[in-house]
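No gaps in the numbering here: position 18 of the sequence shown is 331 in our numbering, and each next residue is one more.
Don't be surprised by glycine CBs; every beta carbon is placed ideally from N, CA and C.
Structure first, then comments.
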Amino acid sequence: QVQLVESGGGLVQPGGSLRLSCAASRSIFSSYLMGWYRQAPGKQRELVASITSGGITNYADSVKGRFTISRDNAKNTVYLQMNSLKPADTAVYYCTATRETRSWGRGTQVTVSS
């Protein structure tokens, strides 16, 4: 089991930017598939972005061109840079780490509103 702690959420105006961070507890972080999911009120949880141990990335269509996922294996940390934020991006964002099983963080709230 990997312990994950997200940070960086908050309130931002439409068009603004935020960078989420997720610190992992395991020193073998580099072997994990890392991801960011989000869940808006009344909606199902959805995959936002993922990054493999080799750095291959995948994005939901709704965030392509606006969000960037990256990882720093030396710091056991994965990031989600979010630009051109929209009210529809408002949600709780969760970090995940997957190998044989998937571990979840507790989430961080992102609110996009004027």
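What did DSSP end up calling residue i once you bin it into helix, strand or coil?
i, result
"N386", "helix"
"S375", "coil"
"A353", "coil"
"S366", "coil"
"S330", "coil"
"S343", "helix"
Nearest to residue i by CA position, among the options, is which residue?
i, options, result
"V423", "T409, E413, A336 and L398", "L398"
"L333", "N371, E319 and V325", "E319"
"V376", "T403, G322, S427 and G367", "T403"
"G418", "S427, S426, Y406 and V425", "Y406"
"G321", "G328, S366, S426 and L393", "L393"
"P327", "E359, P400 and G378", "P400"
"A336", "C408, E413, S427 and T414", "C408"
"L331", "D385, F380 and G368", "F380"
"S363", "Q357, W349 and G355", "W349"
"V325", "E413, T414 and N396", "N396"
"G367", "D385, G420 and R351", "D385"
Report, in whole angstroms, the separation of the C-beta atoms of residue i and residue j, which I expect to be a contact under 8 Å.
i, j, result
"S383", "V315", "With 8 Å as the limit, S383 and V315 do not qualify as a contact, their Cβ atoms being about 18 Å apart."
"T411", "L317", "With a Cβ gap of about 11 Å, T411 and L317 do not count as contacting."
Does the distance from the CB of residue i to the CB of residue j come in under 8 Å?
i, j, result
"A373", "V361", "yes"
Practice task
May I ask you to verify whether the region 331-345 touches the region 382-390, counting CB pairs closer than 8 Å and requiring at least 3?
Solution key: They touch, by the three-pair rule.
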